[in-house]
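Residue numbers (our numbering): 768 to 915.
Here it is, written out as structure tokens:
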């Protein structure tokens with residue numbers, strides 16, 4: 768049994784699973800969770816593994832840049848909300864590939880979903896770890912079992 772914010776946790780899982788589906792052309796994905804174990808009894812792990820193309824070195828820096836831009840967008844939304852304003856972010860590169868579009872020619876999104884995961888993890892006192900290779904990517908979110 769764990770204690771968490773169901774809405775935020777669902778959003779984290781949803782964004783990671785949708786991302787895995789978006790970039791996995793063959794194979795599949797696995798969503799799992801487990802206790803932290805003897806070495807980390809205060810945490811539990813949510814894991815999303817896919818068999819997509821992985822995040823290469825060049826893509827990794829692009830992903831980091833995208834996360835930074837997405838975080839700036841999120842900060843703008845918060846600031847605009849404080850001022851009772853609506854934020855409009857126009858981004859031609861965001862979204863999913865068009866039907867029939869090749870993964871080789873698809874321009875990847877801006878990392879908005881991963882930015883949301885990152886921000887929600889900060890709110891939930893959780894950490895995100897990522898491992899990637901040409902055989903796929905694994906995201907692990909380590910969450911507290913309970914909150915004070």
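Here a beta-carbon is modelled for each residue, glycine too, at the ideal position from N, C-alpha and C. Treat the numbers as computed from the prediction; the structure is a model and nothing was measured.
Spell out a yes or no on whether the stretch 842–850 and the stretch 810–818 are touching, meaning 3 or more CB-CB pairs, one atom from each, closer than 8 Å.
They do not touch, by the three-pair rule.
Option nearest residue 760 by Cα separation, candidates 898, 794, 890
With the chain represented from 768 up to 915, any question about residue 760 goes unanswered, as that position is not in the structure.
For residue 775, does the three-state DSSP call read helix, strand or coil?
Here residue 775 is taken as the residue at index 8 of the chain shown, counted from 1. DSSP places residue 775 in helix when its eight states are reduced to three.
Spatially closest choice to residue 784 from 804, 848, 908, by CA coordinates:
The sequence position of residue 784 within the chain shown is 17, counting from 1. Measuring from the Cα of residue 784, the nearest candidate turns out to be 908.
Distance between residue 887 and residue 779 (C-alpha atoms, nearest Å)
The count along the chain shown starts at 1 and reaches residue 779 at position 12. The count along the chain shown starts at 1 and reaches residue 887 at position 120. Residue 779 and residue 887 have their alpha carbons spaced roughly 7 Å apart.
Look at residue 912 and residue 895 and say whether their C-beta atoms are less than 9 Å apart.
What you label residue 912 is simply residue 145 of the chain shown in a count that begins at 1. What you label residue 895 is simply residue 128 of the chain shown in a count that begins at 1. For residue 912 and residue 895, no; Cβs fall outside 9 Å.
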